[in-house]
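Below is one structure, written out as structure tokens; comments come after it.
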Amino acid sequence: MSQDNLPADESTWTDEFGRLCSKAVEGVYAAPYWCIGTKARGTVAASSADAAKALFKKLTGEEAIHGGRLPYGAMPALNVVHYPSGHRNTDGFFCSSPETCMGHTSCPGRRACSE
Ligand SMILES: [Zn+2]
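Going by numbering that gives the first Met the number 0, 101 is the number at position 102 of the sequence shown; the sequence numbering is gapless.
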């Protein structure tokens, strides 16, 4: 019934940094969303902004005041998605200015954060 890739509880685990880990759902790309609560902030990997905000609340207990797509993930990662290939979504965390890049699918600066 859920269209997002919020992981089922029995398929998640916590890594050594206390982050929620899940396996990627086949064919569903978990995009990076920068979520800002009252205190917490970080990148949530999810299939949509709404899914990211819902997961942010689940992970931090805070409502997401802002949430927007990032071209690349930025630290800190609040959850980690493991792909069947062995890659993790956090392997591509190149964005160094998430507050600026939030809401964009490519870096708005003259130089991409990834360079
Ligand atoms: Zn950026």
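Where is the CB? At the ideal position from N, CA and C, for every residue including glycine.
Closest residue to residue i among the options (Cα-Cα distance)
i          : options            : result
residue 34 : 10, 75, 15 and 18  : 75
residue 55 : 68, 46, 70 and 36  : 36
residue 29 : 112, 42 and 38     : 42
residue 91 : 71, 103 and 104    : 71
residue 66 : 31, 89, 57 and 110 : 31
residue 88 : 69, 52 and 103     : 69
residue 97 : 46, 52 and 40      : 40
Chain D within 8 Å of residue i, Cβ atoms only
i          : result
residue 72 : Structure shown: chain D not included; a single protein chain is present.
Residue range of the unbroken beta strand (DSSP E) whose run includes residue i
i          : result
residue 31 : 30-35
residue 19 : 19-22
residue 45 : 40-45
residue 13 : 11-13
residue 81 : 78-81
Beta-carbon contacts of residue i that lie in its chain and below 7 Å, excluding the five residues immediately before and after
i           : result
residue 107 : 99 and 100
residue 10  : 21 and 22
residue 104 : 68 and 70
Same chain only: Cβ atoms within 8 Å of residue i, ignoring 5 sequence neighbours per side
i          : result
residue 18 : 76, 77, 78 and 79
residue 0  : With a pLDDT of 38 at residue 0, under the threshold of 50, the modelled position of this residue cannot be trusted, and the question is left open.
Extent of the continuous alpha helix (DSSP H) to which residue i belongs
i           : result
residue 142 : One cannot answer for residue 142 here, as it falls past the ends of the chain, which runs 0 to 114.
residue 104 : First-last for residue 104: undefined, no H or E at that position.
Assess, as a yes-or-no matter, whether the segment 75-85 is touched by the segment 60-67 under the definition of 3 or more beta carbon pairs within less than 8 Å. Using a C-beta cut-off of 8 Å, the segment 60-67 makes no contact with the segment 75-85, since fewer than three inter-stretch Cβ pairs fall below that distance.
Any heavy atom of ligand 1 nearer than 5 Å to the CB - residues listed: Every residue with a CB closer than 5 Å to a heavy atom of ligand 1 is listed here in chain order: 94, 100, 106 and 112.
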